[in-house]
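One rule links them: number in the working numbering = place in the sequence shown (from 1) + 73. Every residue gets a Cβ at the ideal spot worked out from N, C-alpha and C, and that includes glycine. These notes concern the structure reproduced below.
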Amino acid sequence: MPRNVEEEGERGHDTLHGPEGVRPVLPVETLREAVESYAPYLQASGEMHDPIFGEPTQYGTPYHALCNAVLAREDSGERRSAYADRAVRGLGAALDHVSGPGLPPTASGFDGATGAVSRSNHRDFFWPPILKTFLILRDLGIDGAEGFAGRISGVDIEASFAQRPPSNWAAVWLSGEWLRLREGLSPFSTGRLDLWLDTFFETHILAGQGLYQEPGHPNSYDLFTRYHLADMLMEGYDGRRREDLERLMRTGLRRSLGVQLSDGSLASAHRSTGQTWTLGAECAFFTHASNYFRERDPELAGRAEEAAYRALSSFRRWQREGPYSPVENRLPPGHRVGYERYTADGHYANLAAAFLAVAVSNGLNRHFTEPPGGREASFLLEHDPTCRAVLHNGIYSMHFNASPAPDYDAFGIVDLTFGPGRFLQLVSSAKHLDSGRFLNPGMASSSGAELALIGRMEGGLTPPRLELRARGRGSPYRYHFAARVETEGVYVEEATPGLEEPKSLLIPYLRDPGTGTVTQARMEAGRVLLVHGPEEVEISYSAPVRRVVHLTGSLQSRRGLCGLLRIEFRDKSQSISYRIRAVR
74 MPRNVEEEGE RGHDTLHGPE GVRPVLPVET LREAVESYAP YLQASGEMHD PIFGEPTQYG
134 TPYHALCNAV LAREDSGERR SAYADRAVRG LGAALDHVSG PGLPPTASGF DGATGAVSRS
194 NHRDFFWPPI LKTFLILRDL GIDGAEGFAG RISGVDIEAS FAQRPPSNWA AVWLSGEWLR
254 LREGLSPFST GRLDLWLDTF FETHILAGQG LYQEPGHPNS YDLFTRYHLA DMLMEGYDGR
314 RREDLERLMR TGLRRSLGVQ LSDGSLASAH RSTGQTWTLG AECAFFTHAS NYFRERDPEL
374 AGRAEEAAYR ALSSFRRWQR EGPYSPVENR LPPGHRVGYE RYTADGHYAN LAAAFLAVAV
434 SNGLNRHFTE PPGGREASFL LEHDPTCRAV LHNGIYSMHF NASPAPDYDA FGIVDLTFGP
494 GRFLQLVSSA KHLDSGRFLN PGMASSSGAE LALIGRMEGG LTPPRLELRA RGRGSPYRYH
554 FAARVETEGV YVEEATPGLE EPKSLLIPYL RDPGTGTVTQ ARMEAGRVLL VHGPEEVEIS
614 YSAPVRRVVH LTGSLQSRRG LCGLLRIEFR DKSQSISYRI RAVR
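What follows is the structure, given as structure tokens:
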């Protein structure tokens, strides 16, 4: 009989958003649910207040206004006027803030230890939602909408906005400024916008790799920046850099398809991964790409559309009781699990919803059920500057980071996913709160030394596989890693050639994502089972086991509170091998 080492019972499983029995819905219904969850925090002035801090945070106001404008356009019934009224009030409040650079900035930094708030200028982010909201309201013929044109034309963006190209912030306001110019409301010319775009392409965009660079190479802000440049292209930009934007659309789509995991989320790497706005941004970017390639490359357009609905699957999972979550877990916002220092519900959740609103506006509108999860075998292997690999096959995706950011990730398998519609995924490095150490699934290091890549990673497609060598700092022994992603699971072998010693396998796992269900760990001969409601993941191995140590506290990942299994093998060896698969 299996031995249950988790004494807590289940508290019930979320069936509405689980893998079975999900009713088909339109994406706009998912958008409406997220937007309505913030309606209690919308002030008469049009400002959006954060549910925790009770004041505007960063740029929540204009993005909530955009969501309501889209809902007004999508709803031909009695609710249209209410959505339009919210959008008008929000647009007015957003323009008040952008037009007055001397006004106090909104709350922008949040100390997770003490709750202290800091402030800085985030007006850069207001510009696209202001322009998009205005254009929707004007096209709907909403009373007073035309009156906003004069206010928009009078904004001095160089006085109001904090950053300049090639900052990702500047890509945001630049996409908004293109809309202002297109509508004849800007003092600038297309040639001036071209000069701003030049800076991006000269220093920070690796067009051949489809990658926008900033310190740490976060997957989040690569996507974020490329989305805003893609939005310029799809909104009719016709300047000198159009061919560069068209090339980036193709190479960037290739990268975005590669770094999207099988559950629809973005592979973890550096900051802001695990924020739900990345899921909304995937919906928006992939929808733009699908539209762009519909006539040019129908097969690629279909892959982009499929990826948009895969991202929507992940987006839907994080609707909490109450306000939609800005992070990929459903724990209460006061826990701040998965939150960055700049994360707050009022702006990041509304940013996520606004990206989804853009996708809905551009054609993400068919009835939706959970995607089947099967993907063709593929892999993305990046050397300089990211040193990452993402492998896909069927329901499985594996992301290996060989050059992690010290404050965010650990060397090794950072993400392992088992398809859409599930909560039990091994996503993001788990952080031990007392020591600050980050842990991934894999062989425990006897020395504790950080591993560094030696040479190049090698990969193949049939099946997707990865091999690499590394060395712990100061160690005379090399570390070898080999993995292959089959349709029936992920097979891994790790070794320290020449170093024969008792080996241990660490499995940090998601224990509590805030859904009301706690993962249980069960031991059987040759395997460990992780059970989360109807979901079950197996870690199997053939070597004899001396003992299994199970820890259930002091660990958390971007997905929630974590546990840790330490599987200690009995005999000395130079290597270990194991398989991880979804049983159900």
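Can you look up His301 in the DSSP assignment and give me helix, strand or coil? The three-state secondary structure of His301, taken from DSSP, is helix.
Taking all protein chains shown into account, do 16 or more other C-beta atoms lie within 10 angstroms of the C-beta of Thr590, making it buried, or fewer, making it exposed? Buried, since its Cβ has 16 or more Cβ neighbours within 10 Å.
Ala342 and Thr360 - do their beta-carbons sit closer together than 8 Å? A distance of 8 Å or more separates the beta carbons of Thr360 and Ala342.
From this set, Tyr550, Pro617, Leu499, Leu541, which residue's C-alpha is nearest Cys635's C-alpha? If you compare the alpha carbons of Tyr550, Pro617, Leu499, Leu541 with that of Cys635, the shortest gap goes to Leu499.
What are the boundary residues of the alpha helix (DSSP H) that Ser627 is part of? For Ser627, there is no enclosing alpha helix (DSSP H); the residue is found in the beta strand (DSSP E) stretching over 618–630.
What does a CB cutoff of less than 6 Å around Ser338 pick up in its chain, not counting 5 residues either side in sequence? Residues Ser387 of the same chain have their beta carbon placed closer than 6 Å to that of Ser338, with the five preceding and five following residues left out of the count.
Alpha helix (DSSP H) segment containing Arg403, residue limits: Run containing Arg403: none; DSSP gives neither H nor E here.
Which runs of the alpha helix (DSSP H), 4 residues or longer, sit entirely within the segment 372–447? Runs found: 418–434.
Could you say if the segment 600–620 and the segment 424–439 meet the contact criterion of at least three C-beta pairs nearer than 8 Å? Not touching, per the Cβ criterion.
Per DSSP, the bridge partner or partners of Leu489: Bridge partners of Leu489: Met471, Leu499.
Among Gly494, Asp488, Gly509, which has the Cα closest to the Cα of Asp480? Its Cα nearest to that of Asp480, the residue Gly509 stands out among Gly494, Asp488, Gly509.
Apply the 10 Å Cβ neighbour rule to Lys645 and answer buried if 16 or more other Cβ atoms are within range, or exposed otherwise. It counts as exposed.
Are the CB atoms of Ala568 and Arg544 within a distance shorter than 8 Å? No.
Taking the alpha-carbon positions, what's the Val400 to Leu424 distance? In this structure, the alpha-carbon of Val400 lies about 12 Å from that of Leu424.
Does Thr130 come out as helix, strand or coil in the three-state DSSP assignment? Of the three classes helix, strand and coil, the one that applies to Thr130 here is strand, per DSSP.
To which residues does DSSP link Ile278 through a beta bridge? According to DSSP, Ile278 bridges with Tyr285.
Expressed to the nearest angstrom, what Euclidean distance is found between the alpha-carbon atoms of Gln348 and Phe199? Those two C-alpha atoms are separated by around 19 Å.
Are the segment 507–523 and the segment 575–592 touching, with three or more C-beta to C-beta distances below 8 Å? Under the 8 Å Cβ criterion, the segment 507–523 counts as touching the segment 575–592, having at least three qualifying pairs.
Going by beta carbon distance, what residues of the same chain come within less than 6 Å of Pro238, once the five residues before and after it are set aside? Same-chain partners within the cutoff: Trp269, Thr272, Phe273.
According to DSSP, which residues form a beta bridge with Gly515? As computed with DSSP, Gly515 is found in a beta bridge with Leu579.
On the CB-based measure, 16 or more other CB atoms within 10 Å of its CB, does Gly626 come out buried or exposed? So Gly626 counts as exposed.
Do the segment 463–481 and the segment 532–539 touch if we need at least three Cβ pairs shorter than 8 Å? With the cut-off at 8 Å, the segment 463–481 and the segment 532–539 touch.
Check whether the segment 145–161 and the segment 440–459 are in contact - that is, three or more C-beta pairs closer than 8 Å. Result no; under three Cβ-Cβ pairs closer than 8 Å.
Got a sec? Which residues, its chain only, sit under 6 Å from Gly289 by beta carbon, not counting five neighbours each side? Cβ neighbours of Gly289 beyond the five flanking positions: His343, Ala478.
Please report the distance separating the alpha-carbon of Met305 from that of Leu254. A straight line joining the alpha-carbon of Met305 with that of Leu254 spans about 11 Å.
Would you mind reading off the limits of the beta strand (DSSP E) that contains Cys635? Taken as a continuous stretch (DSSP letters only), the beta strand (DSSP E) holding Cys635 covers 633–646.
Which residues in the same chain as Ala655 place their Cβ atom closer than 6 Å to its Cβ, once the five residues preceding and following it in sequence are excluded? For Ala655, the CB contacts under 6 Å within the same chain, skipping 5 residues up- and downstream, are Phe491, Val610 in chain order.
Rounded C-alpha distance that separates Gly133 from Gly419: Rounded to the nearest angstrom, the gap between the Cα atoms of Gly133 and Gly419 is 5 Å.
Figure out for me which residue from Ser172, Glu308, Asp212, Ala354 has the closest Cα to the Cα of Ser329. It is Ala354 whose Cα lies nearest to the Cα of Ser329.
Report the partner residues of Gly533 according to the DSSP bridge assignment. Gly533 pairs with Arg538.
Just checking: is the beta-carbon of Gly217 within a distance shorter than 8 Å of some beta-carbon in chain D? The structure shown contains no chain D; it is built from a single protein chain.
Of the residues His122, Leu164, Pro174, Gly281, the one placed nearest Pro458, counting alpha carbons only: If we check each option's Cα against that of Pro458, Gly281 comes out closest.
Just how far apart, CA to CA, sit Glu379 and Asn466? Taking the straight line from one Cα to the other gives about 15 Å.
On a Cα-Cα basis, can you pick out the residue from His301, Arg211, Asn402, Gln116 that is closest to Leu497? Residue Asn402 is the option with its Cα nearest to Leu497.
Restricting to runs no shorter than 3 residues, where is the beta strand (DSSP E) found entirely within the segment 582–610? Counting whole runs of 3 or more residues, the segment 582–610 contains the beta strand (DSSP E) stretches 593–597, 600–605.
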